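Below is one structure, written out as structure tokens; comments come after it.
In our numbering, the protein residues as written are 2 to 299.
Okay, structure coming up:
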């Protein structure tokens, strides 16, 4: 292993993909993992975090998570040097309190004397740490070079551009994303590279093992304009001609400002809007006839 460690900083939203990346590189580097949690992301499909136990700033992952997750945590983080959860407790991503919390975060990172810091996504709350970490090699992952349709925010663009000033390598998850990045940020195209996503092994530690029942066609995830829900609903009359008794199950919360189409309220459609744990999601997928992803853009 390298004598100097690597800090891998990810948001709870992206922990599922981060786990697989970390499990590929932890054999070559001493990895210190930091997981960013916010008031918006505290309920995740990956971990069950207790709102009553988590405190502002650094938290011990094993103290604030549900005991049912311990087997998964022990397996996926075996060989990782340390795992910390950093809770940005203020709902304001650019607020004064968030700024001072980012100063504490940067101090912790510098104290580890890392050879590099990998920001897995351009976190807006952690963006201020960049000014204190300029002497350290910075790598970033950009999941979406352009915001999805209906989700544009000047804050997202601001964070990306600020990180790119100090970044020495940009990681993207597909050739399409890399091509899109190069067209959006041509001055930084020489920094871009792409890796392939791996199957999510962590999910094998969760959920029940039951016989699939092929009960429904499933669309799951946070519902927004770009997810193409209206396309799925338009297809229902054609689907029921082949599968007269099939149900369409839509499981996910609405993105702020998104309104469900009127055609969702039919006898063929069942809508689940409550929070789903990773165990719930695994079982929903297992009992689906198939999963659909009618994305307009992504």
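The beta-carbon is built from N, C-alpha and C at its ideal position, and this holds for glycine as well.
Keep in mind the model is a prediction, meaning the values are calculated, not measured.
For residue i, count the other beta carbons within 10 Å of its own beta carbon; 16 or more makes it buried, fewer makes it exposed. Which is it?
{"i": "residue 6", "result": "buried"}
{"i": "residue 201", "result": "exposed"}
{"i": "residue 102", "result": "buried"}
{"i": "residue 193", "result": "buried"}
{"i": "residue 122", "result": "buried"}
{"i": "residue 164", "result": "buried"}
{"i": "residue 196", "result": "exposed"}
{"i": "residue 69", "result": "exposed"}
{"i": "residue 283", "result": "buried"}
{"i": "residue 24", "result": "buried"}
{"i": "residue 129", "result": "buried"}
{"i": "residue 269", "result": "buried"}
{"i": "residue 18", "result": "buried"}
{"i": "residue 232", "result": "exposed"}
{"i": "residue 272", "result": "exposed"}
{"i": "residue 225", "result": "buried"}
{"i": "residue 22", "result": "buried"}
Measure the beta-carbon distance from residue i to residue j and round it to whole angstroms, keeping in mind my assumption that it falls under 8 Å.
{"i": "residue 170", "j": "residue 140", "result": "5 Å"}
{"i": "residue 44", "j": "residue 276", "result": "5 Å"}
{"i": "residue 116", "j": "residue 135", "result": "The Cβ separation is near 15 Å, so there is no contact."}
{"i": "residue 290", "j": "residue 215", "result": "4 Å"}
According to DSSP, simplified to helix, strand and coil, what is residue i?
{"i": "residue 99", "result": "helix"}
{"i": "residue 242", "result": "helix"}
{"i": "residue 271", "result": "strand"}
{"i": "residue 20", "result": "helix"}
{"i": "residue 192", "result": "helix"}
{"i": "residue 74", "result": "helix"}
{"i": "residue 215", "result": "coil"}
{"i": "residue 279", "result": "helix"}
{"i": "residue 56", "result": "coil"}
{"i": "residue 126", "result": "coil"}
{"i": "residue 8", "result": "strand"}
{"i": "residue 145", "result": "coil"}
{"i": "residue 224", "result": "strand"}
State yes or no: is the C-beta of residue i within less than 7 Å of the C-beta of residue j?
{"i": "residue 126", "j": "residue 168", "result": "no"}
{"i": "residue 199", "j": "residue 250", "result": "no"}
{"i": "residue 296", "j": "residue 222", "result": "no"}
{"i": "residue 77", "j": "residue 20", "result": "yes"}
{"i": "residue 172", "j": "residue 142", "result": "yes"}
{"i": "residue 118", "j": "residue 26", "result": "no"}
{"i": "residue 1", "j": "residue 107", "result": "No answer is possible for residue 1: the residues shown for the chain start at 2 and end at 299."}
{"i": "residue 174", "j": "residue 227", "result": "no"}
{"i": "residue 213", "j": "residue 288", "result": "yes"}
{"i": "residue 292", "j": "residue 47", "result": "no"}
{"i": "residue 14", "j": "residue 42", "result": "yes"}
{"i": "residue 94", "j": "residue 12", "result": "no"}
{"i": "residue 185", "j": "residue 146", "result": "yes"}
{"i": "residue 81", "j": "residue 32", "result": "yes"}
{"i": "residue 217", "j": "residue 242", "result": "no"}
{"i": "residue 234", "j": "residue 262", "result": "yes"}
{"i": "residue 10", "j": "residue 120", "result": "yes"}
Practice task
Determine, using beta-carbon pairs with one atom in the stretch 64-82 and one in the stretch 31-41, whether at least three such pairs fall under 8 Å.
Solution key: yes
Exercise for the section: For the stretch 175-182 and the stretch 244-264, state whether three or more C-beta atom pairs, one from each stretch, are separated by less than 8 Å. Expected result: no
Practice task
Count the C-beta pairs between the stretch 49-64 and the stretch 76-89 that are closer than 8 Å, then say yes if the count reaches three, no if not.
Solution key: yes
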